[in-house]
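Below: the structure, in structure tokens.
Number of protein chains: 2
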Amino acid sequence: MKAEKFTLLRHFDGMPQPSDFQLESEDLPELKEGEFLCEAEFLSVDPYMRPYSKDLNPPVTMIGSQVARVLESRSDKFPVGCRVVGALGWRSRTVVSEDMPSAVFGLRKLPDLGDLPTSYALGSCGMPGNTAYFGFLEICKPKEGETVVVTGAAGAVGSLVGQIAKIKGCRVIGFAGTDDKCAWIRQLGFDVAINYKTCADIDAALKEAAPDGVDCYFDNVGGMLSFQIRKQMNLFGRISVCGFISSYNEKTGEELKLEIPEKLILFKQLKMEGFIVTRWDQEETWNRGVEQMASWIREGKIQVQETVTDGFQNMPQAFIGMLKGENTGKAVVKVNAQ
Amino acid sequence: MKAEKFTLLRHFDGMPQPSDFQLESEDLPELKEGEFLCEAEFLSVDPYMRPYSKDLNPPVTMIGSQVARVLESRSDKFPVGCRVVGALGWRSRTVVSEDMPSAVFGLRKLPDLGDLPTSYALGSCGMPGNTAYFGFLEICKPKEGETVVVTGAAGAVGSLVGQIAKIKGCRVIGFAGTDDKCAWIRQLGFDVAINYKTCADIDAALKEAAPDGVDCYFDNVGGMLSFQIRKQMNLFGRISVCGFISSYNEKTGEELKLEIPEKLILFKQLKMEGFIVTRWDQEETWNRGVEQMASWIREGKIQVQETVTDGFQNMPQAFIGMLKGENTGKAVVKVNAQ
Chain A
1 MKAEKFTLLR HFDGMPQPSD FQLESEDLPE LKEGEFLCEA EFLSVDPYMR PYSKDLNPPV
61 TMIGSQVARV LESRSDKFPV GCRVVGALGW RSRTVVSEDM PSAVFGLRKL PDLGDLPTSY
121 ALGSCGMPGN TAYFGFLEIC KPKEGETVVV TGAAGAVGSL VGQIAKIKGC RVIGFAGTDD
181 KCAWIRQLGF DVAINYKTCA DIDAALKEAA PDGVDCYFDN VGGMLSFQIR KQMNLFGRIS
241 VCGFISSYNE KTGEELKLEI PEKLILFKQL KMEGFIVTRW DQEETWNRGV EQMASWIREG
301 KIQVQETVTD GFQNMPQAFI GMLKGENTGK AVVKVNAQ
Chain B
1 MKAEKFTLLR HFDGMPQPSD FQLESEDLPE LKEGEFLCEA EFLSVDPYMR PYSKDLNPPV
61 TMIGSQVARV LESRSDKFPV GCRVVGALGW RSRTVVSEDM PSAVFGLRKL PDLGDLPTSY
121 ALGSCGMPGN TAYFGFLEIC KPKEGETVVV TGAAGAVGSL VGQIAKIKGC RVIGFAGTDD
181 KCAWIRQLGF DVAINYKTCA DIDAALKEAA PDGVDCYFDN VGGMLSFQIR KQMNLFGRIS
241 VCGFISSYNE KTGEELKLEI PEKLILFKQL KMEGFIVTRW DQEETWNRGV EQMASWIREG
301 KIQVQETVTD GFQNMPQAFI GMLKGENTGK AVVKVNAQ
């Protein structure tokens, strides 16, 4: 059985380039007892892959999760035809052992999403969904009537955070990078959407959008925009640090430097906490998040959008496009039936 | 009745200068019903005065707390001879109304410290003591066996934090600015003391002192040293941001800039929280802290040192000396009997 995979050839420097990847073909081995063969249906491209790649030792198969169907099996637990979601890397087909740990960066059976698309297991009903659900609710602990700011607001996570904040009765202000994205998040229910790329005066725009100050900030971007938002936070404000995509593609030696954060954190008595969603990875906790997100989607309280790129061979383009902000909502790659 | 006071003439720019203050004499008015006359015995000089002065409108009496004795009284609540601790400013004598709020930046009767010096009500058994007690325990939530770093470790607050951390069974590393201070905090029980001014390689020294990484960081100084310490924090580390004295005397336009904090905060899932001790200002909570500190001192578990400057007229020198790190332990000014 043949499989395709993308090898990361070298560490990225600045924005990733298509030439940093190489598409390779390989022969898969025969299945051993307890193994099964997965065929990718949807693959995820996510911002975390950029900073996490620093810990890889190229050349190496690029990391990432996928929704896959079991094509062949010598495992009772994962019979032919069942679906899984797992961190199998950028591979079209993969031989997997049933001993692979059950974890967000391991392997799980696809949750029962009913009539929702299976690709949602990579987005709103998977890692990004739980990132929004737990990362916002557990760290920001928003209260009804509070003002919430979300950056990367039209992304896979940010668009969900804003909608969860609306469900919780908050005033929600989103920052996104195009007018179309801003129009979309307004349609999702965000009270205000600000195009941070064209806004001439971020401070004034935020002041107008949040006249009572900002209580919760869900930070996907870091850097200068986050610095400006922190300045308008209220006493005892909470900041959930989910990402800093504005710095992911910095070239070495060109890192942004800003005034030290201690000043605002102290006098406004802010709590700033970083998290990685794996801290909620215990099966029961994890499933609770997935089920809540799926319920809200079915009830129409949360809308989901995907930016789908067709073809496994286009993984690098989808990844780079996502890092450039070309996606709206969750970016996934659909593998064409072979 | 005559009183002396220091007027702040202008906003500080950079390190405060004696010429920023003016010693003035004033005639106090007759007491009205409900008022009483306080005579300062000890006055406090604290780091917070430097940044807080930015919110003043000079010329104005300089802010600060003192332990005072009631000389005359038309208040049943505050009879002649009783002692108070209150935010009466840099004044030798003050007419006070019994309606002044009971608060850390208000007025309280001196707590019953038994045989401990009354000046401790400005330090270990007062605002700095509760800053250490609550600010460390409530925000860092240290666990036995964890590694704790304290900066400003020979100061009024830092020296207490380190000793509390030892009581809680932690390994404690202190940073201070002279060899004498380092020797003193070692004597207090700190496991390691590092002179940050003479240490050639802070990263290596901390690595050696904290081979298992840093779990809790009580930050009095901010800036570059804090940036370096954060780099060695463990997953789920907690940072209590109490001050950033390294930046208090920056000249406008010369603010230190450093790489954005989001990077470490995210991947190490750090919690960084700023606090002002007034959040624990409710009478019962406040007194619980004072009583615990006083108990530990009486039991010999916490040692206290004061740097005492004699003479009300030397308030500016004591304040500036404290900002330059000339004090060890709590800096107070003793008013000579008149």
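Chains as they are written, first to last, in full-length UniProt numbering: chain A, 1 to 338; chain B, 1 to 338.
Positions of the beta carbon are idealized from the N, C-alpha and C atoms, including for glycine.
Buried or exposed: which applies to residue i, given that a residue is buried once 16 or more other Cβ atoms fall within 10 Å of its Cβ?
i, result
"residue 339/A", "The question about residue 339/A has no answer here: the residues shown for chain A are numbered 1 through 338."
"residue 167/A", "exposed"
"residue 316/A", "buried"
"residue 252/A", "exposed"
"residue 47/A", "buried"
"residue 235/A", "exposed"
"residue 10/A", "exposed"
"residue 187/B", "exposed"
"residue 210/B", "buried"
"residue 130/A", "buried"
"residue 271/A", "buried"
"residue 102/A", "exposed"
"residue 282/A", "exposed"
"residue 77/B", "exposed"
"residue 37/A", "buried"
"residue 284/B", "exposed"
"residue 204/A", "exposed"
"residue 324/A", "exposed"
"residue 237/B", "buried"
"residue 269/A", "buried"
Expressed to the nearest angstrom, what Euclidean distance is found between the alpha-carbon atoms of residue i and residue j?
i, j, result
"residue 243/A", "residue 218/A", "9 Å"
"residue 223/A", "residue 143/A", "26 Å"
"residue 226/A", "residue 220/A", "9 Å"
"residue 340/B", "residue 127/A", "Past the edges of chain B, shown from 1 to 338, lies residue 340/B, and the structure says nothing about it."
"residue 207/B", "residue 165/B", "19 Å"
"residue 198/A", "residue 192/A", "15 Å"
"residue 29/B", "residue 312/B", "21 Å"
"residue 213/A", "residue 39/B", "42 Å"
"residue 294/B", "residue 113/B", "7 Å"
"residue 299/A", "residue 115/A", "12 Å"
"residue 233/B", "residue 215/B", "6 Å"
"residue 153/B", "residue 13/B", "26 Å"
"residue 275/A", "residue 45/B", "39 Å"
"residue 69/A", "residue 145/B", "47 Å"
"residue 231/A", "residue 189/A", "25 Å"
"residue 26/B", "residue 173/A", "53 Å"
"residue 307/B", "residue 329/B", "6 Å"
"residue 63/B", "residue 32/B", "24 Å"
"residue 157/A", "residue 6/A", "25 Å"
"residue 194/A", "residue 184/A", "12 Å"
"residue 200/A", "residue 136/A", "29 Å"
"residue 280/A", "residue 50/A", "22 Å"
Can you list, in chain order, the residues of its chain with a C-beta nearer than 7 Å to that of residue i? Leave out the 5 residues immediately preceding and following it.
i, result
"residue 67/B", "41, 42, 83, 85, 110, 118, 119, 121, 122"
"residue 181/A", "154, 328"
Return the chain-ordered list of same chain residues with a C-beta closer than 6 Å to the C-beta of residue i, the five sequence neighbours on each side being excluded.
i, result
"residue 229/B", "149, 217"
"residue 99/A", "none"
"residue 302/B", "163, 296"
"residue 333/B", "43, 309, 315, 318"
"residue 322/A", "45, 331"
"residue 171/B", "147, 191"
Who are the Cβ neighbours of residue i in its own chain at under 8 Å, not counting the five residues just before and after it?
i, result
"residue 106/B", "86, 87, 100"
"residue 20/A", "8, 9, 10, 12, 316"
"residue 305/A", "159, 184, 328, 329, 330"
Item checked: Continuous alpha helix (DSSP H) assignments of at least 4 residues falling wholly in the segment 151-188 of chain A -> 158-167, 179-188
Next item on the list: Give the residues from the segment 264-297 of chain B that approach chain A closer than 9 Å (Cβ to any Cβ), ordered along the chain.
Entry: 264, 265, 266, 267, 268, 269, 270, 271, 272, 273, 274, 275, 276, 279
Notebook entry, point to check: What residue ranges within the segment 293-337 of chain B form continuous alpha helix (DSSP H) runs of no fewer than 4 residues, ordered along the chain?
Noted result: 315-323
Check: In the segment 131-146 of chain B, which residues sit with their C-beta less than 8 Å from some C-beta in chain A, listed in chain order?
Finding: none
Next item on the list: Taking only runs that begin and end inside the segment 201-262 of chain B, name each unbroken alpha helix (DSSP H) of 4 or more residues, in chain order.
Entry: 202-209, 223-230, 245-248
Check: Using a beta-carbon distance cut-off of less than 8 Å, what residues from the segment 240-254 of chain B approach chain A?
Finding: 241, 242, 243, 244, 247
Check: Can you list, in chain order, the residues of the segment 143-168 of chain B whose Cβ is nearer than 8 Å to any Cβ on chain A?
Finding: none
Next item on the list: Within the segment 72-145 of chain A, note down every full alpha helix (DSSP H) run reaching 4 residues or more, in order along the chain.
Entry: 127-140
Check: What residues in the segment 24-50 of chain B bring their beta carbon closer than 9 Å to a beta carbon of chain A?
Finding: none
Margin query: To be precise: take each residue of the segment 224-235 of chain A, compare its Cβ to all Cβ atoms of chain B, and keep it if any distance is under 7 Å. Which residues remain?
Written below: 226
Note to self: Using a Cβ-Cβ cutoff of 9 Å, what residues of the segment 298-320 of chain B are near chain A? List them in chain order.
What the structure shows: none
Next item on the list: Using a Cβ-Cβ cut-off of less than 8 Å, give me the residues of the segment 195-225 of chain A that come near chain B, in sequence order.
Entry: 219, 222, 223
Notebook entry, point to check: What residues in the segment 82-108 of chain B bring their beta carbon closer than 7 Å to a beta carbon of chain A?
Noted result: none
Next item on the list: Pull out every residue of the segment 53-84 of chain B whose Cβ sits closer than 9 Å to any Cβ of chain A, in chain order.
Entry: none
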